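Under the numbering used here, the first residue of the sequence shown is numbered 10, with each subsequent residue one higher.
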Amino acid sequence: MTRVVVAKVWEIPPGGRKIVVPFRGRAGIGVFNVNGELYALRNICPHKRGPLCTGELTGHVAAAGPPSAGHADLTVSGEGEVLRCPWHQWPFEIATGRCLVDPKARVKTYPVRKIGNDIVVEFDD
Ligand code: FES
């Protein structure tokens, strides 16, 4: 297991992110602070290899019914827990790397933790 210091804790406050390049390739990773929890995702979208971690932060969107029902009652929960790829807007759950529109698609995640004032990402060699 290799550990790499990617930031100081004050660089990524809740709601913040840091793109770290290079990190196991030129695309790097995105390190996110979601409500005080840290996550690290590979900065390559599994759809068409877009720069996923530069995308918009959003939440989980749910509809009260199908569009054909004639009402557009949408609710958004967990604001800041979902990342939308900037290229084609596919949404990914930051905590798991799971794609919310294609269950077969998942972005690679890395273990990340605070050690003292450092944020450290781990990976297998
Ligand atoms: S490249 Fe990310 S959604 Fe298409």
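We put the CB at the ideal spot given by N, CA and C, even for glycine. On a predicted model such as this, the values are computed, not experimentally measured, just so you know.
Assignment of alpha helix (DSSP H) within the stretch 56-116, counting only whole runs of 4 or more residues, yields no such run. Relative to the ligand FES, His69 has its C-beta separated by 6 Å or more from all heavy atoms. Inter-residue distance for Val40 and Pro76 is about 35 Å (C-alpha atoms, whole angstroms). Asn42: member of the beta strand (DSSP E) spanning 38-43, first to last residue.
Relative to the Cα of Gly64, the nearest Cα in the group His97, Ile21, Arg12, Glu88 belongs to His97.
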